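Here is the structure we will look at.
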DNA sequence: TTGCTTACTTACTACTAAGTAAGTACGTTT
DNA sequence: AAACGTACTTACTTAGTAGTAAGTAAGCAA
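Chains as they are written, first to last, in the numbering used here: chain R, 5 to 204; chain Z, 5 to 204.
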């Protein structure tokens, strides 16, 4: 169209974002540099600055993309049409995938960024808050619906329970990195059996 | 005695360790430097190197001290003589204190170091594993005893449940940093009501 | 063909990081 | 008084950090 969007241009920009995301999840925001990205992509560090002038913009772009993914995902027919327990299962699957990631277990966005939170630029802090809030609200809705129709069980407010479940999931990926996947399995199984009625 | 252990020497060493610990919990291992410590303590960076030649040794010392504290704490009469629910409560209090820390909510050791885990020197990784394992084992014992005498309720293996609870606690402090203390309160309340029988 | 845009590279600045070697002031020991 | 150990400072090296300014090759547009 008007923007001819040459394939290579788009590619490099996206490849930078993909790699930065990977490095963020693997090492944290303060422990990866433009040099790491540049070396891996076989370009010069200045090329990264061309696409993302500052590290703050790069970091914000990573979170923003993840927020867009969340919004798209939760609106997908193959997600909205599931029953509450299936939606919960779909969420757990996302974390299972991360735990089994190719280059060693990754943490989730929240876990990776929350640890460095106080050192993050303000725009990144704000984006992260938005992301976390929207995810919690979505899960709270799923839990409320599930308890209403008897397919899920828990005590307390759905929002509190959602916050607790997401917190546990975020933590469980960090545990997986320190203690291996078995601990992660234990924790997920524990979550699973507590939320689903024994009868079902 | 043989080592005259001049007061100032001991003081500076300890003050370095205290401040490094504080910075680690606030900013993560990769986001504090010898300069930060030196400036705050009004000495030169080389003075820090004198006491802790490398950052790896400083980091290891922080974890090791925390491990010693744990071993001492769990053996204290005022802890061992408590009932299982009281021991659980004592553990939760440690986290509540961190959440309400003076200079903004701190995360726990595990949360702070797990995020940076892949960038940590091997000795620090090993010390952290030991610390986490001992803490989980201790809590598993408390949970098992509590379920046996009917004062605590949960499903699954005590070790799995202990891992889940500690994971949730670690995560909850990260949440507190991002979303404020109220979310933290929700999560702790949720944990509390689930573990303690409604009747009690 | 001239000019403009895109996507870089080269070469740099300014700064910070961990770590080291040599020197010094001071108190204790001999 | 001489020697020594402790606890530093001064001055440095090496290696990285984010970020910038200027140049360039390739492609498209008038």
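Using N, Cα and C, we set each Cβ at its ideal position, and we do this for glycine too. Owing to the predicted nature of the structure, the values given are computational and were not obtained by experimental measurement.
Contact defined as beta carbons within less than 8 Å: I believe residue i pairs with residue j. What is the distance between those atoms, to the nearest angstrom?
i, j, result
"residue 36 of chain R", "residue 63 of chain R", "Wrong, their Cβ atoms sit about 10 Å apart, outside the cutoff."
"residue 47 of chain R", "residue 118 of chain Z", "In fact, because the Cβ distance is near 32 Å, the residues do not count as touching under 8 Å."
"residue 138 of chain R", "residue 96 of chain R", "The Cβ separation is near 18 Å, so there is no contact."
"residue 125 of chain R", "residue 85 of chain R", "About 39 Å separates the two Cβ atoms, so there is no contact after all."
If you check the beta carbons only, do residue i and residue j fall under 8 Å apart?
i, j, result
"residue 170 of chain Z", "residue 89 of chain Z", "no"
"residue 156 of chain R", "residue 147 of chain R", "yes"
"residue 103 of chain Z", "residue 188 of chain Z", "yes"
"residue 101 of chain R", "residue 30 of chain R", "no"
"residue 131 of chain R", "residue 71 of chain R", "yes"
"residue 175 of chain Z", "residue 172 of chain R", "yes"
"residue 136 of chain R", "residue 114 of chain R", "yes"
"residue 275 of chain R", "residue 21 of chain R", "Lying outside 5 to 204, the shown extent of chain R, residue 275 of chain R is not represented and no answer is given."
"residue 55 of chain R", "residue 17 of chain R", "yes"
"residue 190 of chain Z", "residue 167 of chain R", "yes"
"residue 116 of chain R", "residue 28 of chain R", "yes"
"residue 45 of chain R", "residue 19 of chain R", "yes"
"residue 112 of chain Z", "residue 192 of chain Z", "no"
"residue 160 of chain R", "residue 134 of chain Z", "no"
"residue 194 of chain R", "residue 165 of chain Z", "yes"
"residue 108 of chain Z", "residue 122 of chain R", "yes"
Between which two residues does the alpha helix (DSSP H) holding residue i run?
i, result
"residue 134 of chain R", "126-152"
"residue 84 of chain R", "81-84"
"residue 4 of chain Z", "It is not possible to answer for residue 4 of chain Z, since the shown part of chain Z is limited to 5 through 204."
"residue 107 of chain R", "No alpha helix (DSSP H) contains residue 107 of chain R, which DSSP labels as neither H nor E."
"residue 122 of chain Z", "Looking at the DSSP string, residue 122 of chain Z is not in any alpha helix (DSSP H), and its letter there is neither H nor E."
"residue 43 of chain R", "38-45"
"residue 57 of chain Z", "Run containing residue 57 of chain Z: none; DSSP gives neither H nor E here."
Is residue i near the ligand MN, judged by its Cβ being under 7 Å from some heavy atom?
i, result
"residue 42 of chain R", "Among the components of this structure there are no ligands whatsoever, and the ligand MN is therefore not found."
Q: Residues of the segment 178-198 of chain R with a CB closer than 8 Å to any CB of chain Z: list them in chain order, please.
A: 178, 179, 181, 182, 183, 187, 190, 191, 193, 194, 195, 197 and 198
Q: Select from the segment 12-45 of chain Z all residues with a C-beta closer than 7 Å to any C-beta belonging to chain R, and list them in chain order.
A: 30, 31, 32, 34 and 35
Q | Interface positions of the segment 90-110 of chain Z facing chain R (Cβ-Cβ less than 9 Å), listed along the chain | A | 108
**Q.** Residues from the segment 155-180 of chain R in contact with chain Z, defined by Cβ distance under 7 Å
**A.** 159, 160, 164, 165, 167, 168, 171, 172, 174, 175, 176, 178 and 179
Q: Please name the residues in the segment 109-124 of chain R whose beta-carbon is closer than 9 Å to at least one beta-carbon of chain Z, in chain order.
A: 111, 114, 115, 116, 117, 118, 119, 120, 121, 122 and 123
Q: Name, going along the chain, the residues of the segment 122-142 of chain Z whose beta-carbon falls closer than 8 Å to a beta-carbon of chain R.
A: 122, 123, 129, 132, 133, 136 and 137
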